[in-house]
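Step one of this worksheet: look at the structure below.
In structure tokens, the structure reads:
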């Protein structure tokens, strides 16, 4: 047993000595070395369809990011390593639009025999901003600059692509950049030209303030522009003037007038054209109009001239009618009526009519029937007494009170209670110790007296007491 243990220990010691010797020889004869590679481009893999890598301004990144790679290993191997033998990349699989930091950089070997190399990247992590790529159709306009010589005239520009008319282009790019696009434009310079302008022009992509937007593309990116230029000798371009007859309805005004086309070309001799500044349409009747009118009418072609070839013989006239918005005022009397009067009470209203000032536009006031104007004074929930009340006045739509109506006085009182009247009985007077005479109306004088009658009053004394206003009661 002891001999076997001794042999085992000797075997392990031999293996350890052999390994140490191998390490010593290896590091002495072929020690580890490092080699660095700067500016190694980083490939981007796994990017989801429809996403773009953009910078902090939202511009697509045209160049790949770069890193430095350090390779460490045996000298014999290091001396054979080239940058093309290594590849750096990042995997963006599963990443959505937004900011993503600390994405690891992966370095791999492109050929065999480099398995024992230790590879590191600096930086070891990269940050990426991903944004959705969108498309949008934007109208295309043409800007013609410069001017043609005297007696020449430019026509309407024509935009084409492969023989087809073009009026819009498709914009593609990061969402934040595409959303800023307001218009697309091509520019044609016709300065001093006496023949047609024809050229292929690039499409400019502009924001609302006219600044060109980078980071987006247009399809098509170039447009064929044709601007016809022809001699204008014997041709004159004049405005079309609509001729209106009549007036709108009361309270209405003409707010705007437009014609289509606005200009036409006349041909003729120079003498005839020199005196023409415009061309009129036939009459457009707007009498009593209360809303917008559209009419297609012919034009009065001046004598010794004619419309140029291709010019329309009729024009569309649009006359916009709208109410006068400036307010007007009228002052009217209003009769008052008491409503909801409580039963059993006498009503006195002072005054029974008032003056009010009404306000509204001309149309509303002209349609208003003053005979229907009525004021109401409500006595609902009121009892006996005197009240100062503001009448309520019902008005149609568009008419309002310029100022609150004045208060009126409403008096509610109970009717007087009739008093019994004592009449003397001359045939058989009733003996009393005293009697009181009540008021007796006379034709011209009302006398109220109080008499104390004797036990046996006579007819003469009663007659005397009522005959003269100055009589005193008998004692």
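Residue numbers (the working numbering): 1271 to 1745. In this text, a Cβ means the ideal position worked out from N, Cα and C, and glycines have one as well.
- For residue 1532, which residues from the same chain have a beta carbon less than 8 Å from its beta carbon, with the 5 sequence-adjacent residues on both sides left out? If the five residues before and after residue 1532 are omitted, its C-beta is found closer than 8 Å to the C-beta atoms of 1509, 1510, all from its own chain and listed in chain order.
- Beta carbon of residue 1675, beta carbon of residue 1624: below 8 Å? Yes, the Cβ-Cβ distance between residue 1675 and residue 1624 is below 8 Å.
- Rounded to whole angstroms, what's the CA-CA distance from residue 1554 to residue 1581? Just pull it up for me. 21 Å
- Query: If we ignore side chains and look at the alpha-carbon of each, how far apart do residue 1535 and residue 1578 end up?
  - Reply: 5 Å
- Roughly how many angstroms lie between the CA atoms of residue 1358 and residue 1486, to the nearest whole one? 29 Å
- Message: Taking its Cβ as the centre, do 16 or more other Cβ atoms sit within 10 Å of residue 1569, making it buried, or is it exposed?
- Response: buried
- Message: Tell me which residue opens and which closes the beta strand (DSSP E) that residue 1560 is part of.
- Response: Unbroken run through residue 1560: none, as it is neither H nor E.
- Closest by C-alpha distance to residue 1345, when choosing among 1429, 1680, 1304: 1304
- Give the DSSP-derived three-state secondary structure of residue 1345 in the structure shown. helix
- Query: Distance, Cα to Cα, residue 1440 vs residue 1405?
  - Reply: 7 Å
- Is the stretch 1322-1340 close to the stretch 1374-1394, with three or more CB pairs under 8 Å? yes
- Give the single residue among 1356, 1362, 1286, 1349 whose Cα lies nearest to the Cα of residue 1322. 1362
- Query: Is the number of C-beta pairs between the stretch 1471-1488 and the stretch 1323-1330 that are closer than 8 Å three or more?
  - Reply: yes
- 8 Å Cβ cutoff met for residue 1523 and residue 1592: yes
- Query: When burial is assigned at 16 or more other CB atoms within 10 Å of the CB, is residue 1628 buried or exposed?
  - Reply: Taking every protein chain shown into account, the CB of residue 1628 has 16 or more other CB atoms within 10 angstroms, so this residue is buried.
- Item | Short Cβ contact (8 Å threshold) for residue 1760 with residue 1471 | Examination of residue 1760 is not possible in this model, given that the chain is present from 1271 through 1745 alone.
- Item | Of the listed residues 1360, 1617, 1567, 1307, nearest to residue 1313 (C-alpha basis) | 1360
- Message: Tell me which residue opens and which closes the alpha helix (DSSP H) that residue 1636 is part of.
- Response: Run containing residue 1636: 1632-1636, per the alpha helix (DSSP H) assignment.
- Query: Between residue 1721 and residue 1654, what straight-line distance do the alpha-carbon atoms span, to the nearest angstrom?
  - Reply: Because the pLDDT of residue 1721 is 33, which lies under 50, any placement of that residue in the model is unreliable, and the number read from its coordinates should be weighed accordingly. One C-alpha to the other measures close to 37 Å.
- Alpha carbon of residue 1515 to alpha carbon of residue 1638, nearest angstrom: C-alpha separation (whole angstroms): 28 Å.
- Task: Alpha carbon to alpha carbon, how far is residue 1585 from residue 1647? Give it in angstroms, no decimals.
- Result: 60 Å
- Query: Roughly how many angstroms separate the alpha carbons of residue 1529 and residue 1566, rounded to a whole number?
  - Reply: Approximately 9 Å between the Cα atoms of the pair.
- From residue 1411 to residue 1424, what does the alpha carbon distance come to, in whole angstroms? 17 Å
- Find out if the Cβ-Cβ distance for the pair residue 1576, residue 1521 is shorter than 8 Å. no
- Following the continuous beta strand (DSSP E) through residue 1525, name the residue where it begins and the one where it ends. 1522-1530
- Of the choices 1454, 1681, 1416, 1492, whose alpha-carbon is the least far from that of residue 1615? 1681
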